[in-house]
Ligand SMILES: *Cc1c(COP(=O)(O)O)cnc(C)c1O
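Following this line, the structure appears as structure tokens:
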């Protein structure tokens, strides 16, 4: 029987002779068509050989048109892949792999306009001549942070590199050992420093550093003291670190500036909302930091960007460096960032309208409602344990590493074998769903699932549940 089925599988040439195949080849190319067809035939062969009852192949499944339908579906799905939207049920609000912050509606509108219309990107309406790309955003950043000047580049990694290269190339930078951060494998502070042509002077031990450690290595060739916010970790226990004010005072006394990579960078303190205190941009500037860099798409809740604020004399030096042109931001980003920052003039508005802030500060009842809505829409097959559970969401993006955010989630229990299969199927839907796996449970954290995604999510789960059970 197996043998008979195997022999009934049509040959590649039989497929190629059909008009259906020719249509697919025209649309997707011969190479892609053959690649997907071979994969499909292989799958059929494996199913026949495996004798698996669930995937049983009948003679009728081996008709050319039926197989080509399946090939067409795969080709369609493959062609649409690339950057597509997903449902984030991971509970990580600023998820770097899923695109970090979502923009406020008004920022999206500005970005769309900038994308589709001519604009004042580098045009001065008063003089009718060439204008400066960063004029307005500089004003807004000065207003919001109290800095003397500001400029923006592609991302915070670029901002750090540009600061180091444009001002301190060939100079020694003093940094505490406990601040030698790695943010993801591609950004390690010491590598960034070396690549920017500055000489690293590490001081202190991992858990302890004193002012005298900094002072003891200052030489003629010292360019600055550098501080890096330990975004994604905390050193706790037997520790000693030096207050920013003290470092600044000592550095300035020695004629040195202090620069800081703040990482996530918040404009307002969120400790009123139950989060641990994090230094705000303003506080760091008030403490005397001379140059400060932070990301646009982490806690700020805007588009990908690296924001540099600080003393005019340094910012103007940065702006005139040739790398500035290589790292400049595009008009779509600029429009979205200007609008995101504008919302911060009224912090209540910012919290309401910027999704990242909104999710962090949202009342728990709302999350619970979303969980209940999802639960009510799900089929409940026998042998599958589905329940609403309390969950801990995360801010992510290397911010508030020790803080959990109360949340609710939907949990579905599985056998070990089925869970990865289920998660795989969820990830390969037209709108993929990204959930967490904890032990043998699939956890859908509702913190990061929007209200208008619940029905889609329920349909997705239901469709796969009925396939699996
Ligand atoms: C995230 C982060 C960076 C990198 O910022 P990008 O905007 O992703 O380039 C650099 N330094 C610190 C401390 C960070 O947290």
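Numbering (my numbering), first residue to last: 140 to 608. Glycine residues also receive a C-beta, built at the ideal position from the N, C-alpha and C atoms. For clarity, every value in this text was computed on a predicted model and none was experimentally measured.
Length of the line joining the Cα atoms of residue i and residue j
{"i": "residue 181", "j": "residue 296", "result": "45 Å"}
{"i": "residue 231", "j": "residue 501", "result": "14 Å"}
{"i": "residue 272", "j": "residue 266", "result": "15 Å"}
{"i": "residue 511", "j": "residue 321", "result": "39 Å"}
{"i": "residue 515", "j": "residue 496", "result": "28 Å"}
{"i": "residue 520", "j": "residue 588", "result": "23 Å"}
{"i": "residue 400", "j": "residue 423", "result": "11 Å"}
{"i": "residue 548", "j": "residue 294", "result": "33 Å"}
{"i": "residue 538", "j": "residue 155", "result": "55 Å"}
{"i": "residue 484", "j": "residue 540", "result": "27 Å"}
{"i": "residue 518", "j": "residue 196", "result": "28 Å"}
{"i": "residue 601", "j": "residue 474", "result": "40 Å"}
{"i": "residue 582", "j": "residue 550", "result": "5 Å"}
{"i": "residue 585", "j": "residue 278", "result": "38 Å"}
{"i": "residue 573", "j": "residue 603", "result": "14 Å"}
{"i": "residue 351", "j": "residue 392", "result": "14 Å"}
{"i": "residue 198", "j": "residue 210", "result": "18 Å"}
{"i": "residue 461", "j": "residue 228", "result": "42 Å"}
As assigned by DSSP and simplified to three states, the class of residue i
{"i": "residue 131", "result": "The structure shown does not extend to residue 131, since the chain spans only 140 to 608, so no value can be given for it."}
{"i": "residue 234", "result": "coil"}
{"i": "residue 410", "result": "helix"}
{"i": "residue 167", "result": "helix"}
{"i": "residue 556", "result": "helix"}
{"i": "residue 155", "result": "helix"}
{"i": "residue 290", "result": "strand"}
{"i": "residue 269", "result": "strand"}
{"i": "residue 329", "result": "helix"}
{"i": "residue 577", "result": "strand"}
{"i": "residue 499", "result": "helix"}
{"i": "residue 444", "result": "coil"}
{"i": "residue 174", "result": "helix"}
{"i": "residue 548", "result": "strand"}
{"i": "residue 322", "result": "coil"}
Residue nearest to residue i in terms of C-alpha spacing, selected from the options
{"i": "residue 237", "options": "224, 529, 244", "result": "224"}
{"i": "residue 441", "options": "463, 605, 432, 476", "result": "476"}
{"i": "residue 243", "options": "280, 304, 498, 570", "result": "498"}
{"i": "residue 394", "options": "174, 308, 305, 358", "result": "358"}
{"i": "residue 160", "options": "178, 207, 276", "result": "207"}
{"i": "residue 528", "options": "330, 323, 506", "result": "506"}
{"i": "residue 140", "options": "188, 479, 157, 263", "result": "188"}
{"i": "residue 298", "options": "284, 373, 579, 464", "result": "464"}
{"i": "residue 166", "options": "185, 203, 218, 205", "result": "218"}
Chain-order list of residues whose beta-carbon lies under 8 Å from that of residue i (same chain, five-residue window excluded)
{"i": "residue 314", "result": "328, 332, 339, 340, 341, 342, 364, 365, 366, 367"}
{"i": "residue 226", "result": "570, 571, 572, 573, 588, 592, 595, 596, 599"}
Neighbourhood of residue i by C-beta, 6 Å cutoff - its chain only, sequence neighbours within 5 removed
{"i": "residue 545", "result": "503"}
{"i": "residue 412", "result": "500"}
{"i": "residue 172", "result": "163, 164"}
{"i": "residue 94", "result": "The question about residue 94 has no answer, for the chain in this structure spans 140 to 608."}
{"i": "residue 250", "result": "471, 474, 475"}
{"i": "residue 326", "result": "296"}
{"i": "residue 494", "result": "241"}
{"i": "residue 564", "result": "603"}
Expected contact under 8 Å - CB spacing of residue i and residue j to nearest Å
{"i": "residue 288", "j": "residue 455", "result": "7 Å"}
{"i": "residue 436", "j": "residue 240", "result": "5 Å"}
{"i": "residue 301", "j": "residue 292", "result": "6 Å"}
{"i": "residue 148", "j": "residue 201", "result": "6 Å"}
Cβ shell of residue i (< 7 Å), same chain only, five flanking positions each side left out
{"i": "residue 360", "result": "310, 311"}
{"i": "residue 377", "result": "346"}
{"i": "residue 429", "result": "396, 397, 398, 449, 450, 453"}
{"i": "residue 356", "result": "313, 340, 342"}
{"i": "residue 258", "result": "470"}
Check: residue i C-beta below 7 Å from any heavy atom of ligand 3
{"i": "residue 296", "result": "Among the ligands present in this structure, namely ligand 1, ligand 3 is not found."}
Proximity test, Cβ basis, 8 Å: residue i and chain B
{"i": "residue 538", "result": "Of the protein chains in the structure, only one exists, and it is not chain B."}
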